[in-house]
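Read through the structure below, which is laid out as structure tokens, and then see the notes.
Protein chains: 6
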Amino acid sequence: MTLLKAAIIGGGNIADNNHIPALKQLSEQVEIVAVCSRDLNKSRALADKHAIAHAFADTAELYRQCAPDLVVICTPNYLHYPQTMEALEQGCHVFCEKPPALAAQNARDMANLATSKGLTLAYNFQLRQTSEWALLMRCKTDGLLGSIYHIKAHFLRRRGIPGWGYFTNKAMQGGGALMDLGVHVLDLALCALDYPTPDQVLGNTYDFIGKAGGKGLMGSWNPATFEVEDASTAYITFPNKASIMLSASFALNTQSDKDRNLEIFGSKGGVKLFPFTLHTELAGELADVQFPYLEETDIQLKNTAAFLDACQGKPSTVCTGEQGAILQEIIERIYQSAER
Amino acid sequence: MTLLKAAIIGGGNIADNNHIPALKQLSEQVEIVAVCSRDLNKSRALADKHAIAHAFADTAELYRQCAPDLVVICTPNYLHYPQTMEALEQGCHVFCEKPPALAAQNARDMANLATSKGLTLAYNFQLRQTSEWALLMRCKTDGLLGSIYHIKAHFLRRRGIPGWGYFTNKAMQGGGALMDLGVHVLDLALCALDYPTPDQVLGNTYDFIGKAGGKGLMGSWNPATFEVEDASTAYITFPNKASIMLSASFALNTQSDKDRNLEIFGSKGGVKLFPFTLHTELAGELADVQFPYLEETDIQLKNTAAFLDACQGKPSTVCTGEQGAILQEIIERIYQSAER
Amino acid sequence: MTLLKAAIIGGGNIADNNHIPALKQLSEQVEIVAVCSRDLNKSRALADKHAIAHAFADTAELYRQCAPDLVVICTPNYLHYPQTMEALEQGCHVFCEKPPALAAQNARDMANLATSKGLTLAYNFQLRQTSEWALLMRCKTDGLLGSIYHIKAHFLRRRGIPGWGYFTNKAMQGGGALMDLGVHVLDLALCALDYPTPDQVLGNTYDFIGKAGGKGLMGSWNPATFEVEDASTAYITFPNKASIMLSASFALNTQSDKDRNLEIFGSKGGVKLFPFTLHTELAGELADVQFPYLEETDIQLKNTAAFLDACQGKPSTVCTGEQGAILQEIIERIYQSAER
Amino acid sequence: MTLLKAAIIGGGNIADNNHIPALKQLSEQVEIVAVCSRDLNKSRALADKHAIAHAFADTAELYRQCAPDLVVICTPNYLHYPQTMEALEQGCHVFCEKPPALAAQNARDMANLATSKGLTLAYNFQLRQTSEWALLMRCKTDGLLGSIYHIKAHFLRRRGIPGWGYFTNKAMQGGGALMDLGVHVLDLALCALDYPTPDQVLGNTYDFIGKAGGKGLMGSWNPATFEVEDASTAYITFPNKASIMLSASFALNTQSDKDRNLEIFGSKGGVKLFPFTLHTELAGELADVQFPYLEETDIQLKNTAAFLDACQGKPSTVCTGEQGAILQEIIERIYQSAER
Amino acid sequence: MTLLKAAIIGGGNIADNNHIPALKQLSEQVEIVAVCSRDLNKSRALADKHAIAHAFADTAELYRQCAPDLVVICTPNYLHYPQTMEALEQGCHVFCEKPPALAAQNARDMANLATSKGLTLAYNFQLRQTSEWALLMRCKTDGLLGSIYHIKAHFLRRRGIPGWGYFTNKAMQGGGALMDLGVHVLDLALCALDYPTPDQVLGNTYDFIGKAGGKGLMGSWNPATFEVEDASTAYITFPNKASIMLSASFALNTQSDKDRNLEIFGSKGGVKLFPFTLHTELAGELADVQFPYLEETDIQLKNTAAFLDACQGKPSTVCTGEQGAILQEIIERIYQSAER
Amino acid sequence: MTLLKAAIIGGGNIADNNHIPALKQLSEQVEIVAVCSRDLNKSRALADKHAIAHAFADTAELYRQCAPDLVVICTPNYLHYPQTMEALEQGCHVFCEKPPALAAQNARDMANLATSKGLTLAYNFQLRQTSEWALLMRCKTDGLLGSIYHIKAHFLRRRGIPGWGYFTNKAMQGGGALMDLGVHVLDLALCALDYPTPDQVLGNTYDFIGKAGGKGLMGSWNPATFEVEDASTAYITFPNKASIMLSASFALNTQSDKDRNLEIFGSKGGVKLFPFTLHTELAGELADVQFPYLEETDIQLKNTAAFLDACQGKPSTVCTGEQGAILQEIIERIYQSAER
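Top to bottom, those sequences are chains A, B, C, D, E and F. The numbering of the first sequence is UniProt numbering, which starts it at 1 and goes up by one. The numbering of the second sequence is UniProt numbering, which starts it at 1 and goes up by one. The numbering of the third sequence is UniProt numbering, which starts it at 1 and goes up by one. The numbering of the fourth sequence is UniProt numbering, which starts it at 1 and goes up by one. The numbering of the fifth sequence is UniProt numbering, which starts it at 1 and goes up by one. The numbering of the sixth sequence is UniProt numbering, which starts it at 1 and goes up by one.
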């Protein structure tokens with residue numbers, strides 16, 4: 001089988017530690033032919049470190065010289081849209097970091113272009129590859145949950161405003177806790193509901209702690225340049241009357257330093273995802289089921305493999321361009337609701 | 001001091017076990033002069049048991065013969081409105097069971113009539129009298145919470161559809177889990193926010209389990225006559241951007257058989273109500289504060305005493321007619337939203 | 001419906017506290033017409049206490065005067081056989097305390113006579129009526145366990161040699177821990193296997209601690225008159241290759257003061273009875289299922305009701321005369337094996 | 001002191017990771033002069049890795065060229081007998097992996113030949129070297145246990161059918177869970193009783209799960225080629241009336257993924273081995289004794305050292321050829337009993 | 001046997017709930033003939049309640065009319081000395097509440113008078129009768145502790161200043177936490193050391209919290225009239241170099257609301273009293289021994305019985321007059337040290 | 001900025017693993033120019049390992065050739081005094097290991113000489129740099145504790161007599177558990193009280209276990225050459241009536257193998273140091289405050305940095321020469337008291 005040629009766009013940690021190692025473990029299917037970062041030195045250092053043939057500072061040059069089959073985009077959020085559009089125009093499959101884009105229309109355009117070009121566009125929501133999520137989807141398929149009608153999803157940090165990167169810069173990131181953390185659990189919640197288009201969306205954002213400053217648990221942040229929400233809550237309804245309650249925070253006066261979970265309520269059974277527990281009836285009695293031997297898996301490796309499956313037309317669990325567009329629309333409506 | 005003359009309307013458990021015993025413990029302020037129940041035999045038995053002078057089957061008769069200063073209304077929900085209006089017209093203070101009424105306009109009319117008559121109208125939300133709630137309000141007053149901007153409130157039963165009474169009858173109760181359980185924690189959440197008028201309200205109701213039947217933990221229920229929601233969720237926003245997430249259930253595939261709690265998030269501190277825990281910063285470090293010696297109190301006794309305080313023009317923590325009208329409006333808007 | 005007439009034979013604690021109260025709760029089906037104890041004073045006192053019409057010291061007199069439909073035998077073990085035979089000869093259904101008899105042949109004769117007379121003979125193994133056992137049998141019926149092939153059953157006390165009664169008297173009781181405690185869990189194990197006739201039986205009995213004396217947790221015992229086994233272990237196999245490991249002790253150097261449990265291993269699932277836990281596979285993963293809301297029940301009331309069902313030809317979960325004969329044979333073979 | 005010359009027969013994991021490292025740590029007493037594996041390449045690679053002078057594919061060649069003082073046999077079970085006999089004939093002490101052999105007569109012949117040759121034959125049951133077992137034997141010697149009369153021994157895995165090696169091949173391994181796991185705890189139980197010859201043996205074997213397939217926790221196995229028992233239980237009695245209850249499983253619907261323990265019941269005290277707890281009487285009260293500071297030890301190193309002690313005529317705790325013959329007889333009788 | 005005639009002096013709770021019920025349970029040895037309280041009405045009510053023949057307001061009258069064999073003194077601390085002296089002069093054995101007196105010289109005089117009269121004088125330190133203390137003394141006798149050389153003893157309440165009685169009145173009580181609580185654990189510590197005369201005594205008392213006021217857990221106290229110490233600590237040495245560290249508090253910013261314990265350190269073993277744990281070496285390893293089945297006992301009944309034993313010249317575990325004198329001397333020296 | 005020149009005196013573990021690595025991490029302020037150990041080979045090896053320019057066996061030579069600005073003294077206790085005096089005479093700042101000296105007068109002389117020379121003398125009590133202690137001092141400063149009036153401090157090992165070094169040699173170490181362990185927690189206790197001069201000191205030392213021998217948890221020790229105390233307890237009072245209870249042990253029959261903690265009692269709040277818990281009143285209720293996110297820090301690095309701050313005249317938390325003199329006086333008075 002011919003190897004797929006892959007290029008990496010973006011030279012930061014997520015390229016170095018997540019995407020490149022995952023692709024290299026899948027060397028029977030794919031070969032990394034180039035990396036591209038605005039800073040050519042950084043680009044070259046990364047190529048050297050991972051024994052990648054080419055390094056670029058300019059994507060146009062990359063496409064011209066290497067003609068990759070697929071690109072992985074791991075740049076700051078504001079670049080996802082233009083770089084994805086360019087890659088699709090160049091005939092490449094695209095594996096883009098989350099969130100899809102800054103604006104809903106952008107994500108819609110990205111999905112439409114991929115479809116019209118017959119290319120795969122996917123987003124890197126790796127939590128889909130946890131053993132817990134795989135089990136949830138199997139329980140759903142096996143009918144153990146019945147109809148799912150309500151989901152509580154949260155990704156809360158107590159004082160986890162990152163002390164590095166652009167996380168508090170609104171222009172580059174598009175938002176704060178919702179954009180960075182909330183999207184992960186919202187994507188899962190939407191999967192459980194078969195990714196429906198939302199009916200109504202109501203939400204709020206807050207920035208009391210971010211703007212006041214204080215003790216940080218993920219480094220120190222500067223309250224003077226804190227531009228995004230430190231917390232967001234939302235309620236989303238769907239035409240079939242299902243609903244999602246969503247909470248995300250960089251900073252909140254809550255118990256745990258990091259608390260990420262979903263509760264999925266169905267007519268036959270309900271699940272708490274971490275640790276996975278199924279609440280149902282069995283043999284005529286109320287039963288709580290635990291699964292003590294779920295395996296920890298390399299979720300990035302599995303998600304990258306799922307993307308490659310999609311590129312090759314196989315069934316895949318990766319987040320599609322279409323799903324990304326729906327997700328981005330919900331995010332945008334939450335922010336709009338918060339500004340009413 | 002002259003004793004206030006009290007009459008009890010409604011002869012069920014809540015009269016027998018809650019209101020009459022509480023009033024009798026407050027015998028330095030109040031004397032129960034009559035009970036009134038549709039069934040005269042029941043009425044007389046109750047009067048005999050508690051050594052109350054008069055028993056009636058007809059409220060008009062009651063007012064004519066006894067001229068009470070105050071009445072306690074502990075009848076099914078659909079009678080709260082007409083009986084309260086009658087009592088106010090008769091010049092009586094009214095202590096009415098929750099929820100205020102079946103419709104928002106009714107609760108509004110009740111509040112307005114009380115105001116115009118210069119009488120006290122109050123609702124029996126006893127959770128306000130727990131030591132935990134008193135401590136929450138003291139923390140709020142002492143500035144330990146800063147600005148409160150988000151509240152999660154839930155009152156969830158796993159399989160707690162009552163196997164007795166009218167709880168599944170929509171015409172008499174007006175609703176299910178939200179009307180019976182959710183109102184308690186919603187009232188507290190509104191107190192924490194100083195009982196503002198809501199901005200937007202979005203919600204849903206469900207009845208999968210109620211209609212399917214199954215194992216009950218509070219007796220058995222009949223799925224064939226189950227007319228109300230077994231669960232409801234809602235999101236409520238306020239002009240100052242604060243928000244409430246509300247969940248209530250008679251039946252839900254969740255872990256605990258009964259789980260009733262609030263999380264109150266403020267800019268300086270956050271509180272989980274049961275067991276009371278304060279999450280804040282102290283001496284420059286993130287701190288968790290517990291209060292291991294909070295007393296269990298007789299919350300009905302305290303709430304009845306608070307009502308008597310209100311009748312006598314003293315400061316009181318009882319739920320006022322005005323607050324009841326705001327609460328009922330929110331309930332109604334949740335049900336309306338669920339029917340969209 | 002005509003009430004069944006019941007007579008109680010034996011005037012000790014188990015009559016007073018277990019059987020009489022249970023029968024009186026079932027007063028729509030049965031009426032206690034007489035009690036009979038060797039000591040007429042005791043007999044009369046018991047009759048007075050429970051408002052029973054007749055008291056006897058002699059069973060012949062009882063049958064002559066009262067002609068009961070059924071008798072409950074709650075005398076020491078060595079009387080079970082003669083009194084049951086007499087009652088059956090008198091045409092009465094018999095509800096006999098456990099163990100069935102001192103010898104296997106006796107239990108066999110009792111079963112045969114009941115059969116030939118067309119009467120109900122049953123033994124009072126109340127653990128069959130626990131919610132846990134009912135659930136085990138439902139799991140078995142629903143196929144959740146597959147083929148059951150091995151059972152570990154134990155009823156162990158650390159220092160529970162009773163300081164009262166005849167428990168250490170071999171002639172009256174027939175044995176010690178196995179006869180008094182082991183029979184309970186052996187009966188359950190046999191039920192789980194559909195009460196097969198055993199293939200091979202191997203066992204041992206011990207009396208080190210009973211004969212040495214020491215600290216007692218159920219009163220003090222006299223090592224000088226200790227005649228029975230303080231512990232017994234056995235292994236029983238069946239024609240279908242299933243097997244039971246049985247342990248029983250009045251005294252053993254083990255952790256708990258009282259430890260009574262069964263583990264039932266099947267091809268599809270395994271169960272630990274107390275607290276009830278099911279170990280199986282679900283949705284392709286190893287799963288542990290707990291049932292947190294099993295009810296505590298009045299097991300004597302349920303077992304007496306089951307006996308009455310049997311008397312009336314209804315399906316019943318009570319231990320039959322035939323089962324008692326199989327059980328007694330196993331007990332006898334364990335004691336014989338221990339004496340090899 | 002002259003160094004003993006050792007040869008390793010078998011080139012698998014247990015040679016590589018256990019025996020060779022242990023012997024190298026004992027370099028003041030012993031020198032490894034050769035390794036021998038059927039596959040000469042494997043043999044040479046192992047010799048190179050551990051800096052051993054010679055590598056062979058043929059044992060005859062090994063003996064001819066190297067004339068070792070002792071050999072360590074770590075080949076599959078079916079080779080233990082012929083290779084041990086050859087080694088003894090060559091005048092070598094033998095340290096053989098467990099179990100001794102496939103048949104009881106073989107183990108008996110091995111023991112007899114060693115005795116007649118005046119050589120040491122020992123089996124590698126390393127659990128004897130745990131701190132817990134050493135403490136058990138000290139408690140026994142100090143009289144803290146009195147007479148030991150019953151032992152429960154189990155080595156249970158929930159889904160631990162190895163996904164590698166020959167563990168499910170009956171011809172090569174001679175059996176399944178009993179042969180591979182049960183022997184370890186049976187050896188300990190026999191030690192506690194001073195290794196008596198058994199009186200009666202009754203047992204069963206099962207293969208429901210192994211033949212049905214399912215989720216594995218030690219790799220995946222092939223149910224189609226599963227030829228051995230996945231579980232076995234047995235009861236063994238001795239002339240002094242002591243008894244052992246034995247359970248072993250590769251697969252069983254039980255709670256723990258791996259549960260290996262012994263309970264030793266004596267007239268003065270009882271011990272649960274892991275974690276070591278002594279149940280006894282002290283100062284006239286029932287007492288539970290724990291030993292919180294037992295050391296973890298390198299049990300292979302200690303057992304190899306014990307073998308070298310035996311070779312040099314010193315007191316030793318290693319399992320002797322004579323003990324191995326008794327053990328193998330019990331194993332054989334369990335399998336015979338299961339086939340009745 | 002002739003019954004001893006007992007009189008009760010003091011009509012408060014401790015007479016009513018502790019001493020009278022205990023004496024009545026010992027009716028084969030003793031008969032209560034009279035009660036005496038300053039308030040004759042109170043005295044008569046108590047006599048009536050317990051069916052006691054005589055009631056007095058004046059002790060002289062009591063002695064004249066009833067000539068008791070023994071008296072139980074349960075009046076406030078300041079009356080212990082004069083009433084004990086009077087009783088001894090009247091030829092009565094005396095069972096006096098703790099502490100012995102307000103001053104060391106008083107306690108010395110009381111002991112001397114009892115000795116010279118040949119009468120029993122004892123103090124009611126009931127903790128000596130707990131199962132734990134009995135076991136401690138047995139361990140000591142059996143040599144399990146070796147030489148005892150250091151004891152930590154504490155009786156700490158977090159906010160346990162009693163809201164009733166005279167506990168904060170220095171003139172009537174003689175002191176606070178040390179006098180009321182510390183004496184109990186000091187008495188035990190002295191018992192463990194065979195009640196030696198102290199060598200050096202150093203201590204302190206504090207009253208910060210008592211004088212500041214705040215939240216009470218045993219009722220509310222008045223900081224304005226708080227005259228005693230709310231906490232005291234001390235160090236006591238003995239001629240044999242043993243030492244005691246003592247802490248007592250009514251109020252202290254510590255974790256538990258009530259924490260009462262002793263740690264006894266000996267050369268062979270150390271004991272923590274509640275729950276009783278022995279730390280020692282066994283079979284060559286460090287061992288922790290627990291005694292899970294110690295019985296809860298009626299410690300007042302046992303202590304009263306011990307007093308009666310002493311009166312009848314039998315061996316007794318009750319606190320003697322001589323011991324009380326040593327104890328009181330230590331208390332006095334702690335207070336003196338605190339005032340340096 | 002010019003680098004300070006540092007010399008290391010003493011070539012053992014604490015130089016190698018603690019002081020040299022800490023100084024090298026502070027390379028912007030300080031440069032290690034020499035090491036000096038009695039054994040020149042050891043000295044050179046250490047210098048080579050850490051790339052230090054000079055190695056000496058003689059301190060005089062060191063001072064002559066290198067003229068350091070500061071020296072770190074990490075030799076056995078008996079050398080602290082002469083080597084510190086020499087260093088100060090040479091005009092060097094001194095960072096000396098704990099304890100300050102063998103005698104109080106020596107520590108006083110060391111402090112006086114440093115003062116008169118205008119040099120920094122400091123002792124290496126690193127526990128002052130734990131996050132817990134920093135938080136304690138912040139709580140104190142913020143007034144959360146009020147007046148501190150009693151401290152319990154202990155550093156207890158169950159069987160932790162070191163099996164290496166000079167720890168049991170009285171002439172070289174000056175003492176045992178108190179000198180080696182007790183000083184750490186005593187220094188903290190004195191800090192909490194602002195390092196007052198003591199009023200009274202009473203103490204004891206014991207050596208039962210050390211002289212008897214037994215199981216060791218930090219290697220084996222030789223009871224025949226055990227010259228120091230294995231445990232010491234003391235009580236120290238101060239002019240302001242505050243008091244300290246101190247306990248230290250190498251060996252004690254207690255629960256934990258290592259237990260090091262302080263309880264600090266103040267009028268407004270009390271603190272248990274590990275894990276840090278504050279007991280106080282908040283919002284009118286008794287409150288327990290925990291700080292779940294305190295960081296583990298490199299306490300040697302922080303303490304060395306604090307010493308450098310002191311050398312440079314900045315505020316510092318290091319233990320000063322003056323404090324060391326007070327501490328040593330208390331230690332000496334405890335030993336004197338124990339010998340009375």
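Glycine is no exception: its CB is placed at the ideal position from the N, C-alpha and C atoms.
Between which residues of its own chain and LYS211 (chain C) is the CB-CB distance below 7 Å, once the five residues before and five after are set aside? Taking the third sequence and counting its residues from 1, one reaches residue 211 (chain C) at position 211. The residues are PRO223 and PHE226.
Proximal residues to ALA248 (chain B) (C-beta, below 6 Å), its chain only, five neighbours per side dropped: As a working note, residue 248 (chain B) is residue 248 in the second sequence. If we look at ALA248 (chain B) and ignore the five residues flanking it on each side, its Cβ neighbours are PHE155, ALA177, LEU178, LEU181, GLY182 and SER232.
So LEU282 (chain F) contacts chain B; which residues on that side make the cut at Cβ distance below 7 Å? Counting from 1 along the sixth sequence, the entry for residue 282 (chain F) is found at position 282. Correct list: VAL289.
Compute the beta-carbon to beta-carbon distance between CYS319 (chain C) and ASP187 (chain C), rounded to the nearest angstrom, for a pair I have assumed lies under 8 Å. The residue given as residue 319 (chain C) occupies position 319 in the third sequence. The residue given as residue 187 (chain C) occupies position 187 in the third sequence. CYS319 (chain C) to ASP187 (chain C), Cβ: 6 Å. Contact.
From the DSSP output, read off the bridge partner residues of VAL30 (chain D). Here the question's residue 30 (chain D) lines up with position 30 in the fourth sequence. Beta-bridge pairing links VAL30 (chain D) to D:LEU4.
Does the region 95-104 of chain D come close enough to the region 270-290 of chain D that 3 or more CB-CB pairs lie under 8 Å? no
Whole angstroms are fine: how far does the CA of ASN77 (chain D) sit from the CA of LYS170 (chain D)? Locating residue 170 (chain D) in the fourth sequence gives position 170, where the first residue counts as 1. Locating residue 77 (chain D) in the fourth sequence gives position 77, where the first residue counts as 1. Rounded to whole angstroms, LYS170 (chain D) to ASN77 (chain D) spans 10 Å at the Cα level.
Opposing strand residues paired with ASP288 (chain F) [DSSP bridges]: Along the sixth sequence, one-based indexing puts residue 288 (chain F) at 288. Note: ASP288 (chain F) sits in a beta bridge opposite B:GLN290 and F:HIS279.
Which same chain residues end up closer than 7 Å to residue 347 (chain B) when comparing Cβ atoms and leaving out the 5 residues on each side of it in sequence? Residue 347 (chain B) is absent from the structure shown; chain B starts at 1 and stops at 340.
When the distance is taken between beta carbons, is GLN29 (chain C) closer than 8 Å to LEU70 (chain C)? The count along the third sequence starts at 1 and reaches residue 70 (chain C) at position 70. The count along the third sequence starts at 1 and reaches residue 29 (chain C) at position 29. No, the Cβ-Cβ distance between LEU70 (chain C) and GLN29 (chain C) is not below 8 Å.
Which value, in whole angstroms, describes the spacing of the CA atoms of ASN204 (chain D) and PHE125 (chain C)? In the fourth sequence, residue 204 (chain D) corresponds to position 204, counting from 1. In the third sequence, residue 125 (chain C) corresponds to position 125, counting from 1. So the alpha carbons of these two residues sit roughly 28 Å apart.
Whether or not the region 295-315 of chain B and the region 126-139 of chain B are in contact is what I'm after, with contact meaning three or more pairs of Cβ atoms, one per stretch, closer than 8 Å; do they touch? yes
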